[in-house]
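Per my numbering, numbering through the sequence shown is continuous, rising by one, with the last residue being 529. Just so you know, even glycine gets a beta-carbon here, dropped at the ideal spot from N, CA and C. Right, one structure below, let's go through it.
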Amino acid sequence: MRRICIISLAVLICSFGSVAYSQTENTDKFQTLDRVIAVVGQNMIKESDLETSFLQQTSGKGIIENAFDVKCDLFESLLINKLMLHQAEIDSVIVTEEEVNREMDNRIKYMIRAYGSEAMLERQMKKSVAEIRELYKDLIRENIMISQTEQKLTGNISVTPQDVADFYNSIPKDSLPIVEEEYMFSQIVKLPKITDEEKEAVKERLNGYRDRILKGSKFSTLATLYSEDPGSSKKGGELGFFSRGEMVSEFENAAFALQDGEISPVIETQYGFHIIQMIERRGNQINCRHILLQPKVSDQQMMQAKAELDSIKQMIEQGKISFEDAVIEFSDDDSKINQGLIINPYNAGASFTKDAINETIGNLEKIDFAAMKEGEITNPVLFKSEAANAYRLIKVVKKTPSHKVNLTDDYGKVQESALSDKKLEIIKQWAEKRIAKTYIKIAPDYQNCDFKLNWLKK
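Set out below in structure tokens:
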């Protein structure tokens, strides 16, 4: 299973998240590791690329006894990466700026969530978000090209239940990996109530900006100066091209109704209040600018939200209402339509390892979930939702103890590994043919790796 996990990262191993994570602590070291250790077609692999992958893969695991073998596995993954990138270049794969910006936005949001705030991300990276975007723009473009090649090769591959069982049974029982303890959570979220006076004040400010724009001021300038959307304000409020279904419905309905250059009236969404300007329509996609203002919340309003959750928890503990019914009746979050389940953005499932909890849910460092029982509920916890600061109750829905992987409890994980293994075989067969036709040069000190493919063309 270990081999599969490493090699199946071929497309993702240079992802923005892992590179950024490692570089925060090793920037100075990497500056000296510029040696080219391989060339595939016209694409180079630098020693710093491999060191980044190795550090990300082994972080927190102490001394790695088989470090050279691990590096060789990762090196082969990088070689496969570059071979697929080379194929994408041969196939003239085109990646638009909109695709790059959309993926970059997703990565930046992930990193901000992982570090806790935009300021903390910039402090750790020692760069502004704008500089981070510029630094990783080409890497994101390459990853999209690699992903398109992989999709072309393996997009139609699937596995049957028998394939999954055969794959599981092929693994020696003493080699089955240990699954970490996992948790499932549900939540009741209370957003602080905003006064009508504060809402009107925000709408008045936005209408003032709108009047200035109609009289000749640049929308982009005002967005840079006043918008409270950190992702777009530095780009003059520009959001990039998007289709229906990518934004909240109130925003989309207003945006898609605009003509080129037209400015919307003030609209309200879960994120606050906006004015929108249409930039360009391209087929089923549009590109817009917006200015976002968020009503200010007082400490008293925050305490009222916390007090509401205290009362709700008391009602649940007294048996007056179930947690599930309380989710439906009281929660201010969209998760209420799914019984309040908190979704893990890593896998789109509802299970979290201990390490993943703080990386994805955040602000839970002081809660010892390992000591909590199934069904137990936390006190109100302060957190930052996508819309605003809020409080929530978190219930431990399920705890799965650490155990050896098995088909009953871990079918989804085994199925995913079986599918990865099948895709890997397809990629390996393709790679063997492409290697023979591709210029490949590997540094002498890395030619001692026990490669699974014939990179040395012996």
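Check, Outcome
"According to DSSP, is F522 part of a helix, a strand, or is it coil?", "coil"
"Going by DSSP in three states, T231 sits in which element: helix, strand or coil?", "coil"
"Only counting runs of 4 or more residues, tell me where the alpha helix (DSSP H) segments fall wholly within the segment 420-479, in order along the chain.", "425-431"
"When the distance is taken between beta carbons, is V164 closer than 9 Å to Q113?", "no"
"Does the beta-carbon of S218, which I'm using as the reference point, lie nearer than 8 Å to any heavy atom of the ligand GTP?", "Looking for the ligand GTP in the displayed structure turns up nothing, as the structure carries no ligands at all."
"Would Y417 be called buried (16 or more neighbouring beta carbons within 10 Å of its own) or exposed?", "exposed"
"Is V230 buried or exposed, if buried means 16 or more other CB atoms sit within 10 Å of its CB?", "buried"
"Which value, in whole angstroms, describes the spacing of the CA atoms of A328 and K377?", "39 Å"
"Going by C-alpha to C-alpha distance, which of M349, I203, I217, E169 sits closest to L156?", "I217"
"Give the list of continuous alpha helix (DSSP H) stretches no shorter than 4 residues that lie fully inside the segment 155-238.", "168-186, 189-196, 200-225"
"If you draw a straight line from the C-alpha of F238 to the C-alpha of L262, how long is it?", "47 Å"
"Measuring CB to CB, does R281 end up less than 9 Å from P336?", "yes"
"Is it a yes or a no for the segment 496-506 touching the segment 287-305, going by three-plus beta-carbon pairs under 8 Å?", "no"
"Roughly how many angstroms lie between the CA atoms of V476 and T449, to the nearest whole one?", "30 Å"
"Smallest Cα separation from S406: which of E147, S130, E160, Q258?", "Q258"
"Looking at C-alpha atoms only, which residue of E253, S119, K305 is the closest neighbour of S361?", "Note that residue 361 corresponds to His in the displayed sequence, not to Ser. When each option's Cα is compared against that of H361, the closest is K305."
"Let me confirm a value: W526 is counted as buried when at least 16 other C-beta atoms fall within 10 Å, else exposed. Which label applies?", "buried"
"Taking the alpha-carbon positions, what's the L380 to F322 distance?", "30 Å"
"Here's the rule: buried if 16 or more other CB atoms are within 10 angstroms of the residue's CB, otherwise exposed. What is E271?", "exposed"
"For V171, which option in D162, L206, K198 has the closest C-alpha, if you only look at C-alpha atoms?", "L206"
"What residue from S456, A427, F423, K367 has the CA that sits closest to S402's CA?", "S456"
"Rounded to the nearest angstrom, what separates K208 and M373 at their Cα positions?", "39 Å"
"Given this structure, state the Cα-to-Cα distance separating P350 from F313, to the nearest angstrom.", "Contrary to the premise, residue 350 reads as Ile rather than Pro in this sequence. Straight-line Cα distance between these residues: approximately 12 Å."
"Are the CB atoms of L464 and I383 nearer to each other than 9 Å?", "yes"
"Is it buried or exposed, T266, if we count other Cβ atoms within 10 angstroms and call 16 or more buried?", "exposed"
"By Cβ distance, which residues of its chain are closer than 8 Å to D481, with the 5 residues on each side in sequence left out?", "V250"
"Among V319, G302, Q500, which one has its Cα closest to the Cα of I183?", "G302"
"Looking at C-alpha atoms only, which residue of N519, L478, D521 is the closest neighbour of Q233?", "L478"
"Where do the ends of the beta strand (DSSP E) carrying E351 lie?", "343-353"
"Sort out for me which residues DSSP pairs I259 with in a bridge.", "L464"
"Tell me the DSSP bridge mates of E323?", "In the DSSP output, where bridge partners are listed per residue, E323 has none listed."
"If S203 sits next to E174, beta carbons under 8 Å apart, how far is it from one beta carbon to the other, in whole angstroms?", "Looking at the sequence provided, one finds Ile at residue 203 rather than Ser. Not quite, the Cβ-Cβ distance comes to about 13 Å (not below 8 Å), so this is no contact."
"If distances are taken between C-alpha atoms only, which option among I284, K523, E496, D245 comes closest to H474?", "D245"
"For E472, count neighbouring C-beta atoms within 10 Å of its own C-beta (all shown protein chains included) and say buried if the count is 16 or more, exposed if not.", "The amino acid occupying residue 472 in the given sequence is Pro; Glu does not appear at that position. Exposed, by the Cβ-count rule."
"Please identify the residue among T167, I498, Q410 whose C-alpha is closest to the C-alpha of N227.", "I498"
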